[in-house]
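Data first, discussion second: the structure below is written as structure tokens.
Number of protein chains: 2
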Amino acid sequence: MARDRRGQILDVAAGLFVVTGFKGTSLQDIANGVGCSKASLLYHFSGKDAILTELLGPVTAELAELDARLAGLDGEEAVRIAVEGYVDLVLRFRREVKILLDDLEQMFRHPALGDVHQMVDRLVDALAGGRSADPAARIAAAMVLGGVAVAGARAGETADLTDEELRAALVRGALRTLDH
Amino acid sequence: MARDRRGQILDVAAGLFVVTGFKGTSLQDIANGVGCSKASLLYHFSGKDAILTELLGPVTAELAELDARLAGLDGEEAVRIAVEGYVDLVLRFRREVKILLDDLEQMFRHPALGDVHQMVDRLVDALAGGRSADPAARIAAAMVLGGVAVAGARAGETADLTDEELRAALVRGALRTLDH
DNA sequence: GGGGAGTCTGACCGATCGGCCAGCTTTGAC
DNA sequence: GTCAAAGCTGGCCGATCGGTCAGACTCCCC
């Protein structure tokens, strides 16, 4: 069983990070999952951060690669490569992306937010154009959900737009995403 | 100064939650910011969660309102109202959205991820079609960033698409968002 | 002045966390 | 068989957290 403790620890840690987030997972949780002692984890890894670093290392490496590939490009071609590269990155490291997003997901489950989850699900339905929308429409709806939130929050930093212009840009972008 | 301690606590807490996240902010931090004792916070609020609940209450209320408005609608009109309602929601409660997203932002600042931040900025440049792209293009680029990540992570749950179909849907959606 | 309600505080508590360490057991080369 | 290295563990530590509590202070009504 304990043929490769290091790999086993990484597997268990990744699984737990996805479900309960990085902060929300204690070394004891990982040790319980692995079936060893907490001290054993710290024999294989210098600390909790080291586990996360090793899990996310490949992601940053590939992102750096994409970054380098984009450095010499410009215009239309750069956009296409950026889009495809980013999509591939997210899909290839879906588990790792989930780890990053899960601290957020966990916030959504916070009692302070009540049954926001179900309302968000219904919002996706509406954006997709009905409960029985085709899969591609549901994906576009999910993209709008994340895209507007991220862009809206990010826009606060670079305030070179009025609120009205920002609103219009977000609405137009969302409708384009939904192919409307 | 301490005319309305309750409001003052909420203000300081919101500011700290945005910068250091909910989990990353201790009651002592809030107390220091307010200039009172930690015990005083717990006199005004039943606990740390109660502070978050009061901060996020208006958001969930408005989301519930949008949810109700969508209940009776269908088709094209539902999409338009969902999009505009959601955009308005995000913009009106930009600070609160930032609180939700900041636990994520903080993860991005984790040493394990190195200088991912700068690479992400350059990725936005590429997606927007150049460093000096117009503001609307930059917003669309930010939407792609968040949208693909959220949709990609979410798609893992409802696996009614092959990876190739999922990839194609994400790429098409991203290009639509960017108006390409 | 008396006294009750509202406000605030320092000291303290139990729980949990990440991490450290001395020492035990297992393994494998010689 | 020997013995050193590798692997592993229980027990412990300091720090931090959210939360409790008895008491002190202020203000205002009588």
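These protein sequence lines map, in sequence, to chains A and B. One point on numbering: in the numbering used here, the residue at position 132 of the first sequence is 132, and numbering is uninterrupted. One point on numbering: in the numbering used here, the residue at position 123 of the second sequence is 1123, and numbering is uninterrupted. Positions of the beta carbon are idealized from the N, C-alpha and C atoms, including for glycine.
Where residue i sits in the DSSP three-state scheme
| i | result |
| --- | --- |
| glutamate 1157/B | coil |
| lysine 1048/B | helix |
| lysine 1023/B | coil |
| leucine 1040/B | Residue 1040/B is actually serine in this sequence, not leucine. Helix. |
| aspartate 1011/B | helix |
| alanine 1035/B | Looking at the sequence itself, residue 1035/B is glycine, so the reference to alanine does not match. The answer is coil: DSSP assigns glycine 1035/B none of H, G, I, E or B. |
| aspartate 1121/B | helix |
Residue i vs residue j beta-carbon contact at 8 Å
| i | j | result |
| --- | --- | --- |
| lysine 1098/B | valine 1018/B | yes |
| isoleucine 1051/B | valine 1034/B | no |
| alanine 141/A | valine 116/A | no |
| leucine 56/A | leucine 1104/B | no |
| glycine 129/A | threonine 1177/B | no |
| methionine 107/A | phenylalanine 1022/B | yes |
| aspartate 1029/B | leucine 1016/B | yes |
| leucine 1100/B | leucine 166/A | no |
| methionine 1143/B | aspartate 67/A | no |
| histidine 1044/B | valine 79/A | no |
Straight-line Cα distance separating residue j from residue i
| i | j | result |
| --- | --- | --- |
| valine 1171/B | isoleucine 1139/B | 17 Å |
| alanine 1174/B | leucine 127/A | 16 Å |
| aspartate 1049/B | alanine 1071/B | 30 Å |
| aspartate 1074/B | serine 1132/B | 40 Å |
| alanine 1153/B | alanine 14/A | 14 Å |
| serine 1081/B | lysine 38/A | The amino acid at residue 1081/B is misidentified as serine; the sequence shows isoleucine. Their Cα atoms are separated by approximately 52 Å. |
| glutamate 62/A | proline 111/A | 37 Å |
| glycine 24/A | glutamate 76/A | 42 Å |
| serine 1046/B | alanine 1031/B | 15 Å |
| glutamate 1096/B | valine 1059/B | 8 Å |
| arginine 6/A | valine 87/A | 30 Å |
| valine 83/A | leucine 89/A | 10 Å |
| threonine 1020/B | glutamate 65/A | 30 Å |
| leucine 145/A | arginine 122/A | 12 Å |
Query - Within 9 Å of chain B by C-beta, residues of the stretch 19-49 of chain A in sequence order - result: For the stretch 19-49 of chain A, the set of residues with a beta-carbon nearer than 9 Å to any beta-carbon of chain B comprises Gly21, Phe22, Lys23, Gly24, Asp49, in chain order.
**Report entry** Positions along the stretch 151-175 of chain A whose CB lies within less than 8 Å of some CB in chain B
**Finding:** Correct list: Ala151, Gly152, Ala153, Arg154, Ala155, Gly156, Thr158, Asp160, Leu161, Asp163, Glu165, Leu166, Arg167, Ala169, Leu170, Val171, Arg172, Gly173, Ala174, Leu175.
Query raised in the report: Going along the stretch 67-87 of chain A in order, which residues come within less than 9 Å of chain B, judged by CB to CB distance?
Result: Considering only beta carbons, the part of the stretch 67-87 of chain A lying closer than 9 Å to chain B consists of Asp67, Leu70, Ala71, Leu73, Asp74, Gly75, Glu76, Ala78, Val79, Arg80, Ile81, Ala82, Val83, Glu84, Gly85, Tyr86, Val87, in chain order.
Query raised in the report: At what residue ranges does the stretch 1075-1117 of chain B contain a whole run of the beta strand (DSSP E), taking only runs of 3 or more?
Result: List check, beta strand (DSSP E) in window: nothing returned.
Query raised in the report: In chain order, what residues of the stretch 1125-1139 of chain B put their CB closer than 8 Å to some CB of chain A?
Result: Answer set for the stretch 1125-1139 of chain B: Ala1126, Leu1127, Gly1129, Gly1130, Pro1135, Ala1136, Arg1138, Ile1139.
Requested in this report: Would you list, in chain order, the members of the stretch 1098-1118 of chain B that have their beta-carbon closer than 9 Å to a beta-carbon of chain A?
Outcome: Taking 9 Å as the Cβ-Cβ cut-off against chain A, the residues of the stretch 1098-1118 of chain B that qualify are Lys1098, Ile1099, Leu1100, Leu1101, Asp1102, Asp1103, Leu1104, Glu1105, Gln1106, Met1107, Phe1108, His1110, Pro1111, Ala1112, Leu1113, Gly1114, Asp1115, Val1116, Gln1118.
Report task. Could you name the residues of the stretch 6-20 of chain A whose beta carbon sits closer than 7 Å to any beta carbon of chain B, in the order they occur along the chain? Result -> Cβ contacts with chain B come from no residue of the stretch 6-20 of chain A.
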